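Heads up, the thing below is written out as structure tokens.
Protein chains: 2
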Amino acid sequence: MTRPFGIVIHGGAGTILKSKMTPEKEACIIETLTEALYVGFTVLQKGHGALGAVRKAVNVMENSPLFNAGRGAVFTHDGLNEQDATIMDGFTGQAGAVAGVRRIANPIDLAARVMSDSPHVLLIGEGAERFATEHGFKLVDKEYFYTDQRWEQLQAALTREKETSDRKGDLALSEDDKHGTVGAVALDKHGCLAAATSSGGMTNKRFGRVGDSACVGAGTFADKQCAVSTTGHGEFFMRGVLAYDIAARMRYGGMSLEEAAGASVRENLTDRKGTGGLIAIDKDGNIALPFNTEGMYRGYLMSAGEPVVKIFKE
Amino acid sequence: MTRPFGIVIHGGAGTILKSKMTPEKEACIIETLTEALYVGFTVLQKGHGALGAVRKAVNVMENSPLFNAGRGAVFTHDGLNEQDATIMDGFTGQAGAVAGVRRIANPIDLAARVMSDSPHVLLIGEGAERFATEHGFKLVDKEYFYTDQRWEQLQAALTREKETSDRKGDLALSEDDKHGTVGAVALDKHGCLAAATSSGGMTNKRFGRVGDSACVGAGTFADKQCAVSTTGHGEFFMRGVLAYDIAARMRYGGMSLEEAAGASVRENLTDRKGTGGLIAIDKDGNIALPFNTEGMYRGYLMSAGEPVVKIFKE
Numbered sequence: 056m057t058r059p060f061g062i063v064i065h066g067g068a069g070t071i072l073k074s075k076m077t078p079e080k081e082a083c084i085i086e087t088l089t090e091a092l093y094v095g096f097t098v099l100q101k102g103h104g105a106l107g108a109v110r111k112a113v114n115v116m117e118n119s120p121l122f123n124a125g126r127g128a129v130f131t132h133d134g135l136n137e138q139d140a141t142i143m144d145g146f147t148g149q150a151g152a153v154a155g156v157r158r159i160a161n162p163i164d165l166a167a168r169v170m171s172d173s174p175h176v177l178l179i180g181e182g183a184e185r186f187a188t189e190h191g192f193k194l195v196d197k198e199y200f201y202t203d204q205r206w207e208q209l210q211a212a213l214t215r216e217k218e219t220s221d222r223k224g225d226l227a228l229s230e231d232d233k234h235g236t237v238g239a240v241a242l243d244k245h246g247c248l249a250a251a252t253s254s255g256g257m258t259n260k261r262f263g264r265v266g267d268s269a270c271v272g273a274g275t276f277a278d279k280q281c282a283v284s285t286t287g288h289g290e291f292f293m294r295g296v297l298a299y300d301i302a303a304r305m306r307y308g309g310m311s312l313e314e315a316a317g318a319s320v321r322e323n324l325t326d327r328k329g330t331g332g333l334i335a336i337d338k339d340g341n342i343a344l345p346f347n348t349e350g351m352y353r354g355y356l357m358s359a360g361e362p363v364v365k366i367f368k369e
Numbered sequence: 056m057t058r059p060f061g062i063v064i065h066g067g068a069g070t071i072l073k074s075k076m077t078p079e080k081e082a083c084i085i086e087t088l089t090e091a092l093y094v095g096f097t098v099l100q101k102g103h104g105a106l107g108a109v110r111k112a113v114n115v116m117e118n119s120p121l122f123n124a125g126r127g128a129v130f131t132h133d134g135l136n137e138q139d140a141t142i143m144d145g146f147t148g149q150a151g152a153v154a155g156v157r158r159i160a161n162p163i164d165l166a167a168r169v170m171s172d173s174p175h176v177l178l179i180g181e182g183a184e185r186f187a188t189e190h191g192f193k194l195v196d197k198e199y200f201y202t203d204q205r206w207e208q209l210q211a212a213l214t215r216e217k218e219t220s221d222r223k224g225d226l227a228l229s230e231d232d233k234h235g236t237v238g239a240v241a242l243d244k245h246g247c248l249a250a251a252t253s254s255g256g257m258t259n260k261r262f263g264r265v266g267d268s269a270c271v272g273a274g275t276f277a278d279k280q281c282a283v284s285t286t287g288h289g290e291f292f293m294r295g296v297l298a299y300d301i302a303a304r305m306r307y308g309g310m311s312l313e314e315a316a317g318a319s320v321r322e323n324l325t326d327r328k329g330t331g332g333l334i335a336i337d338k339d340g341n342i343a344l345p346f347n348t349e350g351m352y353r354g355y356l357m358s359a360g361e362p363v364v365k366i367f368k369e
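Protein sequence lines, in the order shown, are assigned to chains A and B. Under this note's numbering, the first residue of the first sequence carries the number 56, and numbering increases by one thereafter. Under this note's numbering, the first residue of the second sequence carries the number 56, and numbering increases by one thereafter.
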């Protein structure tokens, strides 16, 4: 009997309304998610590691303007793009992350480089970009990240902000603004797991806000038993240390992946009025894709089956 | 029977050699740790919350040049001071954190303000400082953080760096450079828990390195069952999500605080050749202060007993 292997991806969760989705846009999203799945799956099929598979799959989504990561990253209040990313190797327990980087086309590649070529886990801002240039990364101009859709989202958020006044500084975010992140988790033929998450953060964010996508344990985690990548309203994932919470429920509580992922979403998100979802895979090839939003861009391709790509609830 | 309450603090762990310690320095350290304990304990004794107690205790250590946080923060490669801090309220599950701030005298106060006055958990760099000024914080000049001892540590690290060449960019850090952070955990009369950690990071650090002290779950965690603050080689605490790992062992594995803290230090630090320690307290007033270094500046003062302050192993 051959070992199972495969990959699971997400392209963000949120108020994805069927009424706002055109057939053209839906087709584009499904096409890109399917491409990301095959790119990652091919790495696994050739016998290479899960770490490379999740990175390559995330790269496809980062390179697309459709998702809030890389090219399609949303704009901050100041009209910039500040991105966060984390990658973790479940076999070695090593991890790399970057936060608040503005000129990196593929933040997940920089996170991987932090993991492989530095003694650190997390580098931020200009310091992370200095590390990038010293390691051969090309800094892209901010025009690289310009898309009409994201710019219009910022203008809409700024207008809402003028119309409202919120003492807590909630930045007049719509539910849509809070979501969107891309990620992948994979199990390779050797039984090793990995997870990767890359995010453009929140439209109109200020003050150098960093979300769960830069925090090992919150938005991303992998060990020898499972790999998790999350998407949604990041602060809830940070407070609940959600990605690691799933691993801990399995490790210490003896739960299955599905039980652990479902319980963690319920207790850390739904019960606390937080929104989002996650993807997870375990060492036996079980997968879970729970979310409590209208939709989550998601897909999986396992060695035993056909590719599955979905947007809305079933 | 009255509920137990109390506070536990640390001022960093590392290669604290008796041979390098003068009686004068030892007396100063013990005096400041004792002051921090009493300041925090007084808050609890008056019936106020654990959150205020840990913040006030950390303030005392931040205001002293003796510890690597606030005033005594170590220098980065560029001769600056970049600090990280996190605070978490176990009762509400809320948390606030800052990373890479250069001009904040008491980073733990800014972390508390992020928690109370923003919808976010983590703010970084200049963005965090802009949030600070908008909320009435005074930015201090970099001279505030100048101490001869820290400057000499940087010069020594720069000299070592010139003499060695390390492809992994390990920055020629001595064991001493990797440690030092201050923190506090407390249980108040109402049965609520809180944790706070504040750190100047690593001498000679570059590239905007951020450690576990800015990451909820890694260096700081509190829920209704326990509160944890860590100190040591931060990257190990981040990969193992160590502070939350202790809570998870108790929550899902049914371990006692002491068992959970001991097992987590063993598996995440000692077995992986990482160094450091932590302080923890649970809802019943049990405490744990494990470390695998030569020493850890530490102390506790519980409602039932006398203050205890120690530096070396017993």
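Note that the Cβ used here is the ideal one computed from N, Cα and C, for glycine as well. From a predicted model like this one, the values you see are computed outputs, not experimental measurements.
Please go through the same chain and pick out, in chain order, the residues whose beta-carbon is closer than 6 Å to the beta-carbon of L107(A), but skip the five residues on each side of it. Reading off the sequence, residue 107(A) comes out as Gly, not Leu. Cβ neighbours of G107(A) beyond the five flanking positions: V98.
Can you check whether the C-beta of C270(A) is within less than 7 Å of a C-beta belonging to chain B? yes
Between G332(B) and chain A, is there a C-beta pair that is closer than 7 Å? no
Contacts of E290(A) in chain B (Cβ-Cβ under 8 Å): P174, H175 and V176
Does any C-beta atom of chain A lie closer than 7 Å to the C-beta of I179(B)? yes
DSSP on S119(B), reduced to helix/strand/coil? coil
Tell me whether Q280(B) sits in a helix, a strand or coil according to DSSP, three-state version. coil
Tell me the rounded alpha-carbon separation between G191(A) and A183(B). Distance between the alpha carbons of G191(A) and A183(B) is about 29 Å.
7 Å is my cut-off, CB to CB: does A212(A) come that close to chain B? no
What residues are listed by DSSP as bridge partners for V98(A)? Partner residues in a beta bridge of V98(A), as assigned by DSSP, do not exist.
With H, G and I counted as helix, E and B as strand and the rest as coil, what does DSSP make of F367(B)? strand
Measure the alpha-carbon distance for R321(A) versus F346(A) and round it to whole angstroms. 9 Å
Return the first residue and the last residue of the alpha helix (DSSP H) that T252(B) is part of. Where T252(B) is concerned, there is no enclosing alpha helix (DSSP H), although the beta strand (DSSP E) it sits in stretches over L248 to S254.
Apart from the five residues just before and just after G295(A), which ones in its own chain have a Cβ nearer than 6 Å to its Cβ? N323
Contact set between F200(B) and chain A, taken where Cβ atoms lie within less than 8 Å: Within 8 Å Cβ-Cβ: nothing; F200(B) doesn't reach chain A, min ~18 Å.
Any C-beta of chain E within less than 9 Å: which residues of the region 74–95 of chain B qualify? Chain labels in this structure do not include chain E; the protein chains are A and B.
Output the boundary residues of the alpha helix (DSSP H) element that contains Q138(A). Per DSSP, Q138(A) belongs to no alpha helix (DSSP H); it is in the beta strand (DSSP E), Q138 to D144.
Over what stretch of residues does the beta strand (DSSP E) that includes Y355(B) continue unbroken? Unbroken beta strand (DSSP E) run through Y355(B): G350 to M357.
In the DSSP assignment, what are the bridge partners of T131(B)? In DSSP, T131(B) forms no bridge with anything.
State buried or exposed for D267(A), treating a residue as buried only when at least 16 other CB atoms are found within 10 Å of its CB. buried
Please state if the CB of G350(B) and the CB of I64(B) are separated by a distance shorter than 7 Å. No.
Please classify T57(B) as buried or exposed, where buried requires at least 16 other C-beta atoms within 10 Å of its C-beta. exposed
Suppose you measure from the CA of N161(A) to the CA of G125(B); what does that come to, to the nearest Å? 35 Å
Nearest to E207(B) (by Cα), restricted to the options G67(B), T131(B) and L297(B): Nearest to E207(B) by alpha-carbon distance, out of G67(B), T131(B) and L297(B), is T131(B).
Three-state class that DSSP yields for F200(A) in the structure shown: helix
DSSP bridge partner residues for G332(A) (one or two, in chain order): Under DSSP, G332(A) forms a beta bridge with T286(A) and F346(A).
Mind checking who A239(B) pairs with in its DSSP beta bridge? I64(B) and A251(B)
Give me the residue from I301(B), I366(B) and D278(B) with the minimum Cα distance to Q149(B). D278(B)
Minimum length 4: unbroken alpha helix (DSSP H) runs contained in the region 296–320 of chain B: Whole alpha helix (DSSP H) segments, 4+ residues: 297–308.
Simplified DSSP state of D337(A), which is helix, strand or coil: Looking at D337(A) - three-state DSSP - the assignment turns out to be strand.
Name the one or two DSSP bridge partners that R264(B) has. Answer by DSSP bridge pairing, in chain order: L178(A).
For A302(A), tell me which candidate among R158(A), T285(A), H288(A) and F276(A) has the shortest Cα-Cα distance. F276(A)
Would you call the region 131–142 of chain B and the region 244–258 of chain B in contact, with 3 or more CB pairs under 8 Å? yes
Please list, in chain order, all residues of the same chain as R261(B) whose beta carbon is under 6 Å from its beta carbon, the five residues on each side excluded. H132
Within chain B, partners of R261(A) - CB distance below 7 Å: R261(A) reaches chain B at G182, counting residues in chain order whose Cβ is nearer than 7 Å.
Alpha carbon to alpha carbon, how far is F367(B) from K73(B)? When rounded, the distance between both Cα atoms is 8 Å.
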